[in-house]
Every structure is written in C-alpha cells, then in structure tokens.
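Everything on this sheet refers to the single structure shown next.
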Amino acid sequence: QNCIVCVSVEGFCNIFNLSSDSTPKPNTTLKTNLSSKSNAIIDSDEKYVPRVLTPFYTQRLPANAKVACLADIDNDGQNEFIVGLTDRVVRTYRCVQISDKIKLVGIHKWEFIDQIGTLSLNPVPIRTTDDNDYGYGLKTYNILVAQPGGTYAKLECWNKRLTITSDDQLDSSQTVSKLMPEYYELSISQMRNPSISTEILGGIKGRTRSGDKSDLLIALATLDGTLMLVDGSDILWSIQVDHQLFSLSKLNITSDDNEEIIACSWDGLTYIVDHNKESLRFKFEEPVSAFVSGEYTIDPEQPNVKCLVYATFNNTICLYFNVDIDRIKSSDFCETIQNTPDLVQDVRQLMSRLELPNDDMSSIQSVCSDILFSLP
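Here's what the structure looks like:
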C-alpha cells in the first residue's frame, strides 16, 4: 500500500496511509479560500476535495534528522527506512511485525567524520540464477552520502560475503554485508572550498564516457556553485556558477533517452543541464526554500505531466507544468533551415515566383533573413 513517512527534527516518525479506497473528507473552508484567489485553479468536483491525513503509526527515533528516504538496500524485497542526522550519523530501520503491532527496528548505523549534506540512492542490478540462466531482473540500491567539498561516500548493504576463517567452516558460515563506507574524493581544480556543503543525486539515466547507456550516473552540487556529473569516480563534466546551489533534481525534459539535471539556488535561479554540458537557466520570481521536479497529475485518469515545483519563504507553492522542450543546445537560424526540408521547399517555391535564384542555400538563407528582419 502507498504510505507517507515523515520524521521531524525532534525524532517523531509518523506513517500515513494513502490507500486509494480511503474516504475523502470534505473541507469547505479550504475550498472557499482557494476559490477566492484569482490565480488559483481548482475543480469543484467532489473527487478533488482534500482528505484529512492522520498517522496510523508513530514512533520516537533519535532526534536531529535532516534527510530520509525509503528503498530496498539489502535485497530482501522489503523497503528500509534510511535517515541522515545532523550529528554526522546515518541510520537504517526495518519495519517488523510484533504480535498485532508494527515497529521500526534499527539495522545499521554509520558515523562520518564530516557533516552529511544529503542522502540519495543509486540502483544496482542484481544477477539472479535460474537453471544456469543469468538475468538482471532484480534491483536493490546503494546509499549515497554527500560529503563536504564535492565528495561522497557509498554504503553497500546488499553484497553479502561469507564470514569464514578456513575451508572447514565453509558449509556453516554466515554471510555479512560489506558495511564499510567507500569514499570518492573527486578532487578537481575548480573546487573553491574543500569544506563546503554538498548535495547529491543518484540514479540518473544517461551515457558513460564510453557511450554506454547507464542509470547509475550521479550529480553533485556544492553551495559555492560547482555542479558535476560523475560515473563512480570518473568526473564526466563540471561547471561553475555564481549562485548557491542547494537542491538537485532530475527530469527527462527533452523526451530523449537521457535525464537532464536541474539545479536550483536559494535566490530562485534554476539551471537545466544535459549530458553534453549544454545548459539553460531562468530566474524564479522569489527566493526558494525547497525545489523538486517530476511527473505529477491531479487526476488518476489523466497521464502524468512534467513539472517544476517551487516552495517559497512566503508559504507559497508554485507548480509549472508541461515543461517539455525540444532541446537544450541553442541552434542558429541557418542550421535550423537546413534541417527543415519543408521550409526549404516552400522558400524555393516563393523565390521561383519572385524570379530569384534558388539554387544555393545561401540565397535561401538571405531571403528568410529579409522576410524576418527587413520587411516592415
């Protein structure tokens, strides 16, 4: 079933049930207030009435949580709850059934020397055996922990190894996970401050340096304006901006096989960068407290659309939808004409009627330029 898990700074973890068969609760006051705003879009149909969410389970966890996520990190088919704390600790929990109740039980704990920026996940294909036929049907996740200065650590819990001391103990040995963090320094000359806070985002679809498809690429952004795309320890590219990047997201805006990286700064400046290091940027109208991108819908019967969502310091949420674009890279007018055969044919016919030479592309470009910029 679909659930929302929330954890507060004080450590209170609340789990909310979001099953589709739960009955919506009318909220007339909310509907009236929203309808009174000229820039609000709301459907009066009863199925869009907000529902009241109440947690069905609450548990006290260690305080000072700053980031959390859900994923199957040990390949057991069940999602674990991963929490990053401001005291440089990462903890994982598993939900277990005790008689007729559930409880979050701690599994792992890692302590880091430096402050944790954020957590993310990177998928790992698991090889499965079925009558000597190997496949990659199952997936689990590695935990990515952002570290200061544009570096990160990888936590691997799924790859279990035998704990043996001799061949005689092979049959009765237990298996344990590789729990030591694996650090990636990613030292680059553009790094301005080695102790600056870092954001990380894993599971990005794109291509490696050799051109192979991959969904294991990682983006890192620092508060002093460095944005990197890496494949393990290989830095594919790095750019420097003059704004404090605090949020990373991914979205296939150009509808190709790759996902673009979207980085947002505190002052609302948003960068969209593709895997060829081509970028565009635009300025949101207010300072931003939180940012995310993804595919959303308000009607289960309608397809999801690509959206950018901003939360401001004035208690406002702004959602931009249908943000498809053809390409990130800019192209000049001459290149566009050459890649548009229908336009070239129409211009040739026009030039023939005007008794103008139309046998070379430079003449066609000149006529198009005159039509666009010279005619009153």
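Letter by letter, the sequence shown follows residues 255 to 630 of the working numbering.
Backbone N, C-alpha and C fix where the C-beta goes; we use that ideal spot for every residue, glycine too.
Compare the Cα-Cα distances from THR566 to each of ASP580, ILE516 and PRO541 and report the closest residue.
-> As a first step, residue 566 must be located in the sequence shown, where it is residue number 312. THR566 has its Cα closest to that of PRO541, out of ASP580, ILE516 and PRO541.
Would you call the CB atoms of LEU373 and ILE356 closer than 9 angstroms?
-> Numbered from 1 along the sequence shown, position 119 holds the residue referred to as residue 373. Numbered from 1 along the sequence shown, position 102 holds the residue referred to as residue 356. Cβ atoms of LEU373 and ILE356: not closer than 9 angstroms.
CA-to-CA distance, GLU514 to GLN592, given in whole angstroms | As a working note, residue 592 is residue 338 in the sequence shown. As a working note, residue 514 is residue 260 in the sequence shown. Straight-line Cα distance between these residues: approximately 27 angstroms.
Minimum C-alpha distance to ASN576 - residue among SER547, ARG602, SER585 and LEU315 = The count along the sequence shown starts at 1 and reaches residue 576 at position 322. When only C-alpha atoms are compared, the closest one is SER547.
Distance, Cα to Cα, PHE538 vs ASP613?
-> The sequence position of residue 538 within the sequence shown is 284, counting from 1. The sequence position of residue 613 within the sequence shown is 359, counting from 1. When rounded, the distance between both Cα atoms is 47 angstroms.
Just the C-alpha distance for GLN255 and GLU410, rounded to the nearest angstrom, thanks.
-> Position 1 of the sequence shown, counting from 1, holds the residue named residue 255. Position 156 of the sequence shown, counting from 1, holds the residue named residue 410. Cα to Cα, GLN255 sits roughly 27 angstroms from GLU410.
Spatial neighbours of VAL259 within its chain, please: CB distance less than 6 angstroms, with the 5 preceding and 5 following residues excluded, ordered by chain position.
-> Against the sequence shown, residue 259 aligns to sequence position 5. Taken in chain order, the residues that qualify are ILE269.
Local conformation of ILE454 per DSSP, three classes | For this step, residue 454 is matched to residue 200 along the sequence shown. Of the three classes helix, strand and coil, the one that applies to ILE454 here is strand, per DSSP.
Alpha-carbon spacing of CYS572 relative to TYR564, whole angstroms = Mapped onto the sequence shown, residue 572 falls at position 318. Mapped onto the sequence shown, residue 564 falls at position 310. About 5 angstroms.
Helix, strand or coil for GLN556, going by three-state DSSP, please let me know.
-> Walking along the sequence shown from the start, residue 556 turns up at place 302. GLN556 falls in the coil class under three-state DSSP.
Could you tell me which residues DSSP pairs with GLY561 in its beta bridges?
-> Walking along the sequence shown from the start, residue 561 turns up at place 307. Checking the sequence, you will find Cys at residue 561 rather than Gly. Looking at the DSSP assignment, CYS561 forms a beta bridge with GLY548 and PHE575.
Of the choices LEU629, VAL261 and ILE507, whose alpha-carbon is the least far from that of VAL583?
-> As a position in the sequence shown, residue 583 is number 329, starting the count at 1. According to the sequence displayed, residue 583 carries Lys and not Val. It is ILE507.
Are the region 520 to 540 and the region 487 to 496 touching, with three or more C-beta to C-beta distances below 8 angstroms?
-> yes
Complete beta strand (DSSP E) runs within the region 478 to 537 (minimum length 3 residues, chain order) = 480 to 485, 488 to 494, 499 to 505, 514 to 519, 523 to 527 and 533 to 537
Would you identify the three-state DSSP class for ILE591, choosing helix, strand or coil?
-> Position 337 of the sequence shown, counted from the first residue, corresponds to residue 591. Three-state DSSP puts ILE591 in a helix.
Reduced DSSP secondary structure (H/G/I, E/B, other) of ILE625 | Start at 1 with the first residue of the sequence shown, and residue 625 comes out as number 371. Residue state, collapsed to three classes: helix.
Give the single residue among VAL484, LEU272, LEU455 and ASN447 whose Cα lies nearest to the Cα of TYR438.
-> The count along the sequence shown starts at 1 and reaches residue 438 at position 184. The candidate whose alpha carbon is nearest that of TYR438 is VAL484.
Does the beta-carbon distance from SER501 to GLU436 come in below 9 angstroms?
-> Looking up residue 501 in the sequence shown gives position 247. Looking up residue 436 in the sequence shown gives position 182. No, the Cβ-Cβ distance between SER501 and GLU436 is not below 9 angstroms.
Give the single residue among SER503, LYS459, THR551 and LEU474 whose Cα lies nearest to the Cα of PRO402.
-> Counting from one through the sequence shown, the residue named residue 402 turns up at place 148. The shortest Cα separation from PRO402 among SER503, LYS459, THR551 and LEU474 belongs to LEU474.
Count the other CB atoms, across all protein chains shown, that sit within 10 Å of the CB of GLY360; report buried if there are 16 or more and exposed otherwise.
-> If you number the sequence shown from 1, residue 360 lands on position 106. GLY360 is exposed by the Cβ-count criterion.
Residues of its chain near VAL261, where Cβ-Cβ distance is below 6 angstroms and the 5 sequence neighbours each way are ignored | For the purposes of this step, residue 261 is identified with residue 7 of the sequence shown, where counting begins at 1. Hits under 6 angstroms: CYS267, ALA319 and ALA322.
Helix, strand or coil for LEU307, going by three-state DSSP, please let me know.
-> Against the sequence shown, residue 307 aligns to sequence position 53. Coil at LEU307, not helix or strand.
Residues that TRP364 bridges to, as DSSP identifies them | In the sequence shown, the residue the question calls residue 364 occupies position 110. Beta-bridge pairing links TRP364 to VAL344.
For SER374, write down the residues that DSSP places opposite it in a beta bridge.
-> Mapped onto the sequence shown, residue 374 falls at position 120. DSSP, once it has assigned bridges, lists LEU398 as partnering SER374.
With 16 other CB atoms within 10 Å as the buried threshold, where does ALA544 fall?
-> Counting from one through the sequence shown, the residue named residue 544 turns up at place 290. So ALA544 ends up on the exposed side.
Which residues in the same chain have their Cβ closer than 8 angstroms to the Cβ of PHE310, if we skip the five residues on either side of it in sequence?
-> The residue given as residue 310 occupies position 56 in the sequence shown. Same-chain partners within the cutoff: ILE269, PHE270 and ASN271.
Can GLY457 and PRO377 be called in contact, C-beta distance under 9 angstroms?
-> As a first step, residue 457 must be located in the sequence shown, where it is residue number 203. As a first step, residue 377 must be located in the sequence shown, where it is residue number 123. Going by C-beta atoms, GLY457 is nearer than 9 angstroms to PRO377.
Could you check how far apart the C-beta atoms of ASP521 and HIS497 are, in whole angstroms? I think they sit under 8 angstroms.
-> Reading the sequence shown from its first residue, position 267 is the one you call residue 521. Reading the sequence shown from its first residue, position 243 is the one you call residue 497. Contact holds; Cβ gap of about 6 angstroms.
Identity of the residues DSSP links to GLY678 by a beta bridge = The chain is shown from 255 up to 630; residue 678 falls before or after that span and cannot be answered.
For THR340, collect the residues of the same chain with a Cβ closer than 7 angstroms to its Cβ; drop the 5 residues on either side in sequence, then sort them by chain order.
-> Residue mapping note: residue 340 aligns to position 86 of the sequence shown, counting from 1. Around THR340: ASN318 and LYS320.
Going straight from the alpha carbon of ILE370 to that of ALA407, what length do you get?
-> The residue given as residue 370 occupies position 116 in the sequence shown. The residue given as residue 407 occupies position 153 in the sequence shown. Spanning the two alpha carbons is a distance of roughly 10 angstroms.
What are the start and end residues of the beta strand (DSSP E) that includes ASP469?
-> By one-based count along the sequence shown, residue 469 stands at place 215. Per DSSP, ASP469 belongs to the beta strand (DSSP E) from 467 to 476.
Considering PHE266, what are the terminal residues of the beta strand (DSSP E) in which it resides?
-> The residue labelled residue 266 in the question sits at position 12 within the sequence shown. That run of the beta strand (DSSP E) goes 266 to 271.
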